[in-house]
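**Student:** Take this structure, written in structure tokens, and hold onto it; I'll ask about it next.
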Amino acid sequence: MKKIIIAAIFIASGILNAQENKGVTKIEKGTWNFTTDLSVYSFNRSYDQIKNENSTFSFNITPKLNYFIGDNLSLGFGIGYNYRNNDNTDNNQNLTTQNTNTFSFNSYIKKHYFIVSNLSFFLQGEVNYQTGKTKTIFQNSSNIPTSDINTFFIGIRPGVSYFLTNKIAIQAYFGSLGYTNTTIKNGTSFKENQNRFDLNLNPSQLIFGMSYYW
């Protein structure tokens with residue numbers, strides 16, 4: 157909910173400021189752009205009746221480089237780091253912790269549509285590949301199983317971008333729509349394959365970024 161409120165303030169202030177200033181209305185062909193995207197997500201859920209609690213924390217940072225092949229149209233590539241921690245306490249108060257660390261490789265095409273000066277709506281079509289490991293730690297066991305995780309995503313992400321100056325902009329992505337394939341391997345004894353196509357509006361998909369243009 158906090159992310160949604162922040163995003164609403166971001167959009168409203170962008171529209172008001174853009175209406176008061178004459179600024180950027182087009183990103184010209186030949187422009188380069190460096191962006192750093194950041195997402196932080198925290199979630200906690202508990203059940204008093206069965207004394208069960210679950211908490212999740214995730215963090216993602218992705219530097220990206222873009223080149224505008226046409227006015228308001230760019231191609232880009234990014235390399236990111238993703239961390240996720242999940243703690244689950246069962247009704248016997250036994251704690252299980254899962255730590256996941258992955259690296260992502262992202263290529264995309266992005267089209268900007270300026271609503272007013274300085275403020276644009278954009279659609280980003282992307283292909284994303286993540287690879288890494290998950291460790292599961294049991295409170296009453298010294299055994300720490302490790303799984304290899306690989307995720308492939310192809311789809312679109314909508315967002316808005318607001319130019320603070322002609323060279324600096326802030327942006328936000330809102331969810332995603334696309335196909336995801338996830339493979340989880342635990343040694344040679346276990347392999348799980350997941351496939352889904354969905355509209356993902358989870359708050360963890362709300363991503364903020366800062367961009368520099370030249």
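Per this note's numbering: the sequence shown ends with 370, consecutive numbering throughout.
Even for Gly, the Cβ is constructed at its ideal location relative to N, Cα and C.
Note that the structure is predicted; figures quoted are calculated from it, not measured.
Using the rule of at least 16 other Cβ atoms within 10 Å of the residue's Cβ for burial, across every protein chain shown, is G232 buried or exposed?
**Tutor:** So G232 counts as buried.
**Student:** Measuring only the C-alpha atoms, how far is N244 from D354?
**Tutor:** Going from the Cα of N244 to the Cα of D354 covers about 26 Å.
**Student:** For N322 and G226, I'd like the C-alpha separation in whole angstroms.
**Tutor:** Whole-angstrom Cα-Cα distance: 18 Å.
**Student:** Are the CB atoms of G315 and Y335 within a distance shorter than 8 Å?
**Tutor:** Not in contact: Y335 and G315 (Cβ atoms no closer than 8 Å).
**Student:** Which residue's Cα is closest to the Cα of N257: T339, I300, T287?
**Tutor:** Checking every option, the nearest Cα to that of N257 belongs to T287.
**Student:** Is S360 closer than 8 Å to S211 when the C-beta atoms are compared?
**Tutor:** Cβ distance not < 8 Å, so S211 and S360 don't count as in contact.
**Student:** Pull up the CB-CB distance for N189 and S230, whole angstroms please, since I reckon it's below 8 Å.
**Tutor:** About 7 Å separates the two Cβ atoms, so the contact holds.
**Student:** Leaving out the 5 sequence neighbours to the left and right, which residues in its chain are closer than 6 Å to S298 when beta-carbon positions are compared?
**Tutor:** Taken in chain order, the list of residues that qualify is empty.
**Student:** In chain order, what residues of the same chain have a beta carbon less than 7 Å from the beta carbon of L320, not counting five sequence neighbours either side?
**Tutor:** Closer than 7 Å at the Cβ level, and outside the excluded window around L320, lie I326.
**Student:** Which of the three DSSP states, helix, strand or coil, is assigned to P301?
**Tutor:** Correct three-state label for P301: coil.
**Student:** Between the Cα of S367 and those of D304, N222, P301, Q280, spot the shortest distance and give me the residue it belongs to.
**Tutor:** S367 has its Cα closest to that of N222, out of D304, N222, P301, Q280.
**Student:** Report all residues from its chain with a CB closer than 6 Å to the CB of N241; omit the five preceding and five following residues, and keep chain order.
**Tutor:** Only F213, N255 meet the Cβ criterion.
**Student:** If you drop the 5 nearest sequence neighbours on each side, which residues of the same chain put their C-beta closer than 6 Å to that of I265?
**Tutor:** These residues qualify, in order along the chain: L231, G281.
**Student:** Whole angstroms are fine: how far does the CA of N228 sit from the CA of E184?
**Tutor:** Looking at the two C-alpha atoms, the distance is approximately 6 Å.
**Student:** On the three-state DSSP scale, how would you describe S360?
**Tutor:** Helix.
**Student:** Compute the Euclidean distance between the alpha carbons of T218 and T192, then round it to the nearest angstrom.
**Tutor:** Going by the C-alpha atoms only, they are around 6 Å apart.
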